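A quick write-up on the structure given underneath.
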């Protein structure tokens, strides 16, 4: 009997899983909930990124070319200085036919402002508005510019018969492009310079202008 009890005592097995404290649950994970402000910021940045990607794709698809401008013919019918006036007065009459071309096949152009300026010896002697406000895709328009009147004279004019006058024609304006029917670009400044060398009562030939946009 004593041997059996000893064997029973020696055969006792203690499972490690039954040890005190082994059944304690793991600590719960803490998930921080984003505040409404953080959600709004993330959503706003996502929308901005999406709009930027769409704008880039539209630009790559359409990729507008610059407007083209040329002078078809220009005539200087009067250009004289009254040196007895104070200050000396310049009388002028300049007529020019401008060809304004939108070379883009899928992009229209809005001219929010377009003006022509007569420049002589670095000084402006007249400025007029041009009658064009919208140009559909792939279109050329002929615009007539007439600068006539009297202004303060620049120094050093030659008025002898047969003299050549470096009378430049500049165009300044504000334009916007339209892609399709809905999307429009922001306004951009248009600057065009047409260098002319004119003789009284003699029409010039075609002159290509430099366009900066």
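Numbering (my numbering), first residue to last: 347 to 559. Note that CB positions come from ideal geometry on N, CA and C, so glycine has one too. Computed from a prediction, not measured in an experiment: that's the story for all the values here.
Check                                                                                                                                                                           : Outcome
On the three-state DSSP scale, how would you describe residue 515?                                                                                                              : strand
Quick one: what's got a C-beta closer than 6 Å to residue 556's C-beta in the same chain, skipping five residues either side?                                                   : 539
For residue 472, count neighbouring C-beta atoms within 10 Å of its own C-beta (all shown protein chains included) and say buried if the count is 16 or more, exposed if not.   : buried
Quick one: Cα of residue 549 to Cα of residue 393, how far?                                                                                                                     : 57 Å
Classify residue 478 as helix, strand or coil using the three-state DSSP reduction.                                                                                             : coil
Under the three-state reduction of DSSP, which class applies to residue 444: helix, strand or coil?                                                                             : strand
Residue 470: which of 490, 523, 513 sits nearest, CA to CA?                                                                                                                     : 513
Helix, strand or coil for residue 403, going by three-state DSSP, please let me know.                                                                                           : helix
So, residue 476 versus residue 460, is the Cβ gap smaller than 8 Å?                                                                                                             : yes
When DSSP labels each residue in this structure, what does residue 435 get in the three-state scheme?                                                                           : strand
Would you list the residues sitting across from residue 387 in a DSSP beta bridge?                                                                                              : Answer by DSSP bridge pairing: none, since residue 387 is not bridged.
Under three-state DSSP, which class holds residue 506?                                                                                                                          : Reliability fails at residue 506, whose pLDDT of 46 lies under 50, so the model's placement of it is uncertain and no value is given.
What does the Cβ neighbour count give for residue 507, buried or exposed, with the cut at 16 atoms within 10 Å?                                                                 : Reliability of the predicted coordinates at residue 507 is poor, the pLDDT of 49 falling under 50, and no value is obtained from them.
Within the same chain, show all residues whose beta-carbon is closer than 7 Å to that of residue 519, passing over the 5 residues directly before and after it, in chain order. : 457, 459, 460, 461, 536
Would you say the beta carbon of residue 447 is closer than 7 Å to some non-hydrogen atom of the ligand SAM?                                                                    : Inclusion of the ligand SAM in the displayed structure is not the case, the ligand content being empty and no account of it being possible.
Give a yes or no on contact between the region 424-434 and the region 477-491, applying the rule of three or more CB pairs nearer than 8 Å.                                     : no
Cutting at 6 Å between CB atoms, please list the residues of its own chain near residue 498, excluding the five before and the five after it.                                   : 433
Can you find the residues in the same chain that come closer than 7 Å, C-beta to C-beta, to residue 383, ignoring five residues on each side of it along the sequence?          : none
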